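This report refers to the structure that appears directly beneath it.
In the working numbering, the protein residues as written are 45 to 129.
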C-alpha cells in the first residue's frame with residue numbers, strides 16, 4: 045500500500061493542477077490535495093504521463109492552473125463594488 049501525502053493546493057506540482065488527470069482527492073474547504081506518493085496521471089496540456097509530485101516550476105511548457113474554481117460570473121459585479129470599482 046502506497047503512502048498518502050497531503051499537499052497544500054497552492055504547491056505547484058502536477059497533482060495540484062486542474063489539467064492533470066490522475067487519481068487524487070481534493071478537499072476544497074481545507075484547500076488540500078491527497079495523493080499517493082507513487083501516483084501518475086496524464087497532463088492534458090502536454091499529453092504525456094506525469095508523476096503527481098512532479099515539480100512544474102521550471103517547466104516552460106507547463107501552464108499549471110489552480111484547482112480552485114473560477115469566480116462565477118454573477119459574483120464578479122459584487123466583488124468589483126466591494127473593491128470600489
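Backbone N, C-alpha and C define an ideal beta-carbon position, used for all residues, glycine too.
Just so you know, these numbers come straight off a predicted model, no measurement behind them.
{"Query": "Contact set for residue 76: own chain, Cβ-Cβ below 7 angstroms, skip 5 residues either direction", "Result": "50, 51, 52, 53"}
{"Query": "Minimum C-alpha distance to residue 68 - residue among 98, 80, 101", "Result": "80"}
{"Query": "Beta-carbon gap between residue 98 and residue 57 smaller than 7 angstroms", "Result": "yes"}
{"Query": "Limits of the beta strand (DSSP E) - the one that residue 84 falls within", "Result": "84 to 87"}
{"Query": "Separation of residue 105 from residue 60, as counted between CA atoms", "Result": "17 angstroms"}
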